[in-house]
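Numbering (my numbering), first residue to last: 20 to 191.
What follows is one structure encoded as structure tokens, with my remarks underneath.
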């Protein structure tokens with residue numbers, strides 16, 4: 020029987036997480052490129068998030084890091100759910116849902132009452148998952164990022180969810 024769990028990232032997992040993050044970004048070439056300075060520096064990202072009442076979490080299957088997600092503080096009541104990535108071979112197995120549900124629980128445990136996120140409109144599966152988990156759209160925006168002298172544009176959907184809405188979490 021396989022063992023699947025989500026827990027705060029441990030220092031010894033940073034190399035595994037860096038590999039996952041790099042592969043996932045490459046696999047999602049149409050997705051929003053965020054935090055370009057952090058692209059492949061998970062340890063720096065972890066320190067930044069932890070210093071600001073958030074964290075990075077690893078999704079493990081039989082002690083192998085197969086996914087990641089993070090909670091980044093927005094303000095005293097709101098946290099952003101971000102950096103959700105899975106190895107491509109693990110997509111479509113309900114593991115993204117497990118990860119998102121664990122992050123919602125961690126957000127509640129940390130005392131946040133609202134979670135927001137943003138996702139590019141090209142990521143249809145992710146948008147569908149977030150909607151099933153109780154996230155609703157509150158804004159759409161064309162985000163622009165300068166990279167290597169080029170302006171990249173991403174049609175981005177912003178969603179939010181109240182953390183206390185546990186009835187939905189129990190049902191999924």
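No residue lacks a Cβ here, since even glycine has one placed at the ideal position from N, Cα and C.
Selected residue, minimal CA-CA separation from residue 65, among 173, 90, 172 and 170: 90
Is the beta carbon of residue 193 sitting closer than 8 Å to the one on residue 88? The structure shown has nothing for residue 193, since the chain only spans 20 to 191.
Start and end of the alpha helix (DSSP H) containing residue 149? 143-151
Going by the beta-carbon positions, is the gap between residue 33 and residue 80 smaller than 8 Å? no
Closer than 8 Å is the cut-off here; do at least three beta carbon pairs connect the stretch 147-163 with the stretch 114-134? yes
Is it buried or exposed, residue 43, if we count other Cβ atoms within 10 angstroms and call 16 or more buried? buried
If you follow the beta strand (DSSP E) that residue 198 is part of, which residue opens it and which one closes it? A question about residue 198 goes unanswered here, because the residues of the chain that appear run from 20 up to 191.
Report the partner residues of residue 89 according to the DSSP bridge assignment. 75 and 101
Terminal residues of the continuous alpha helix (DSSP H) containing residue 40? 33-46
Alpha-carbon to alpha-carbon, residue 134 and residue 98: 5 Å
Leaving out the 5 sequence neighbours to the left and right, which residues in its chain are closer than 8 Å to residue 83 when beta-carbon positions are compared? 35
Three-state secondary structure assigned by DSSP to residue 81: coil
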